[in-house]
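Enquirer: Take this structure, written in structure tokens, and hold onto it; I'll ask about it next.
Residue numbers (my numbering): 31 to 116.
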């Protein structure tokens, strides 16, 4: 196995572990779903006044997080000099 294929094979492991930890930490407190589409469906079916109060966070939050990650990549990651292997 080469060094280039190892991160690709192991990538699903930390992603799944992170999703597991988010559920483990937040379900007992808020009964949360981390999938915006699943939360939208539950809010539509539940159809009560307070079901929609904080629902915008499920849709706005990922866009803000993506924008912050893109800025971090441009400002911090690209500023780090990389050494070539030659």
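Positions of the beta carbon are idealized from the N, C-alpha and C atoms, including for glycine. All values derive from a computational prediction rather than experimental measurement.
1. Report yes or no: do three or more beta-carbon pairs, one from the region 65 to 74 and one from the region 39 to 55, lie closer than 8 Å?
2. With respect to the alpha helix (DSSP H) encompassing residue 60, which residues constitute its N-terminal and C-terminal limits?
3. What's the C-alpha gap between residue 94 and residue 41?
4. Check whether the Cβ atoms of residue 97 and residue 85 sit closer than 7 Å, and answer yes or no.
Expert: Judging by the given coordinates:
1. no
2. 42 to 60
3. 23 Å
4. Cβ atoms of residue 97 and residue 85: not closer than 7 Å.
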